[in-house]
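All remarks here apply to the structure that follows.
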Amino acid sequence: MTFRGDYAQGQGGNVRTSSGSGRGGGGVSPGAMAILPMLLRGGGGGTVILVLLAVLYFSGALDGLLGGGSNSQSQSESQGDYSLEHCNEQGSSNTYDDCRAAATFGSAQQIWSEVLPAQANVEFEPADMVLFRNDVTTGCGYATSATGPFYCPRDTTAYLDVSFFEQLGQLGGANGPLTQEYVTAHEYGHHIQHLEGTLGLSDYKNPGQDSAAVAIELQADCYAGIWAKHAAEQGVLEPITDEQLEQALQTARSIGDDNIQRRSGGDVDPDAWTHGSSEQRMEAFNSGYNSGQMAACDTLNRGVYN
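If you read the sequence shown in my numbering, its first letter stands for residue -9, the second for the next number, and so on.
Okay, here's the thing in structure tokens:
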């Protein structure tokens, strides 16, 4: 998947970096780090949510969350020795993983600023993104690279260590450009759900193939498909090839709950699902990509879309 124009130069906006505190893996329950976890958890004086990309097993994750958040800033900035200066190079978003993530985030911001009001009658508010290394302190607490990509509604920020992409192959996923863009677009989908007021409906303590948790995650997959559809149509991206689309679907397949259960050596247990089966996740992305319509992503059966 190739970015065009300004986005080919890694123009993301609202993206900053963090090189971490150097504390390594401390502060996170090891049991939560089973295969590329995704977590939604309540806590404190309200709902505190960490939503990450691929999960099945978690056990009291992030019990060691620390307080503190980050102030949203409208321009890219760097902290420590990690910066995005290389993203100013022409073609950087088609060369570097972090620049690609920044460009995807920026394009998702622009696309959803139009799609959300038009299709859901919901006022759009921008999100932020932090590309980090090692560890990071967020509005939802402390996390490490092992946590995986996640969205924190408390500071409306998506967090990503791009080393995550290298781990996708362990689950049978592809590490192609569209796959990486799908990961970022999925997390941005959780921001859209936050604006819709539905993200908090997900409850990972009550899993199952018909659970709200699965519905929320499948909708985020579908929203990622909507981004891909509009990005291609608006010329942000070069036309998506069948091969690139298959890579994204392969990744959706690889992070299905049933596939993760098989790869972990267990039985397939739909009652434990939190994100949906491989087939469901592929179908969700395809629904968004083929239609470009939020109504096609109404996994919660709300019937509120234009």
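Think of the CB as a built atom: it goes at the ideal place given N, C-alpha and C, for glycine as much as any other residue.
Just so you know, these numbers come straight off a predicted model, no measurement behind them.
Please state whether the Cβ-Cβ distance between F155 and G138 is less than 8 Å.
Residue numbering aside, residue 155 sits at position 165 when the sequence shown is read from its first letter. Residue numbering aside, residue 138 sits at position 148 when the sequence shown is read from its first letter. Not closer than 8 Å, so no.
Could you give the uninterrupted runs of the beta strand (DSSP E) lying entirely in the segment 130 to 192, keeping only those of 3 residues or more?
Annotation: the segment 130 to 192 contains the following complete segments of the beta strand (DSSP E) (minimum length 3 residues), in chain order: 131 to 134, 140 to 142, 147 to 150.
Assumed close pair A205, A175 - CB separation to whole angstroms, cut-off 8 Å
Within the sequence shown, numbered from 1, the residue matching residue 205 stands at position 215. Within the sequence shown, numbered from 1, the residue matching residue 175 stands at position 185. Not a contact, Cβ separation roughly 18 Å.
Relative to the C-alpha of D87, which candidate in A117, Q170, T127 has its C-alpha closest?
Stepping through the sequence shown from its first residue, residue 87 is reached at position 97. Among A117, Q170, T127, the Cα nearest to that of D87 belongs to Q170.
Does the Cβ of S103 have 16 or more other Cβ atoms within 10 Å, making it buried, or fewer, making it exposed?
On the sequence shown, residue 103 is found 113 positions in, with the first residue counted as 1. So S103 ends up on the exposed side.
For R243, which of helix, strand or coil comes out of DSSP?
For the purposes of this step, residue 243 is taken as the residue at position 253 of the sequence shown. Helix.
On the three-state DSSP scale, how would you describe S277?
Residue mapping note: residue 277 aligns to position 287 of the sequence shown, counting from 1. Helix, per DSSP.
Cβ distance (whole Å) where K219 is taken to contact Y178 below 8 Å:
Numbered from 1 along the sequence shown, position 229 holds the residue referred to as residue 219. Numbered from 1 along the sequence shown, position 188 holds the residue referred to as residue 178. Contact between K219 and Y178 is absent: CB atoms are separated by about 14 Å, not below the 8 Å threshold.
Can you give the Cα-Cα distance for H184 and R243, rounded to whole angstroms?
Position 194 of the sequence shown holds residue 184. Position 253 of the sequence shown holds residue 243. Looking at the two C-alpha atoms, the distance is approximately 25 Å.
Going by the CB atoms, is the gap between T(-8) and N78 shorter than 8 Å?
Within the sequence shown, residue 78 is the residue found at index 88, counting from 1. Within the sequence shown, residue -8 is the residue found at index 2, counting from 1. With contacts defined by Cβ atoms closer than 8 Å, N78 and T(-8) do not form a contacting pair.
Buried or exposed for G266, going by 16 or more other Cβ atoms inside 10 Å?
For the purposes of this step, residue 266 is identified with residue 276 of the sequence shown, where counting begins at 1. Result: buried.
From what residue to what residue does the beta strand (DSSP E) around S8 run?
Taking the sequence shown and counting its residues from 1, the one referred to as residue 8 is at position 18. Where S8 is concerned, the enclosing beta strand (DSSP E) stretches over 5 to 8.
Beta-ladder partner(s) of M272, from DSSP
The count along the sequence shown starts at 1 and reaches residue 272 at position 282. Listed as beta-bridge partners of M272 by DSSP are no residues whatsoever.
Check the DSSP bridge columns for D248 and list the partner residues they point to.
As a first step, residue 248 must be located in the sequence shown, where it is residue number 258. Beta bridge pairing from DSSP links D248 with no other residue.
Going by DSSP, what residue range makes up the beta strand (DSSP E) through T127?
Counted from its first residue, the sequence shown places residue 127 at position 137. Run containing T127: 125 to 128, per the beta strand (DSSP E) assignment.
Please determine, among E113, Q80, R6, the residue with the shortest C-alpha to C-alpha distance to F95.
In the sequence shown, the residue the question calls residue 95 occupies position 105. Ranking E113, Q80, R6 by CA distance to the CA of F95 puts R6 first.
Since L158 and Q234 are thought to touch, with beta carbons under 8 Å apart, how far apart are those beta carbons, to the nearest angstrom?
By one-based count along the sequence shown, residue 158 stands at place 168. By one-based count along the sequence shown, residue 234 stands at place 244. Contact between L158 and Q234 is absent: CB atoms are separated by about 15 Å, not below the 8 Å threshold.
Is the beta carbon of G246 closer than 8 Å to that of Q270?
On the sequence shown, residue 270 is found 280 positions in, with the first residue counted as 1. On the sequence shown, residue 246 is found 256 positions in, with the first residue counted as 1. Taking C-beta atoms as the reference points, Q270 and G246 count as a pair closer than 8 Å.
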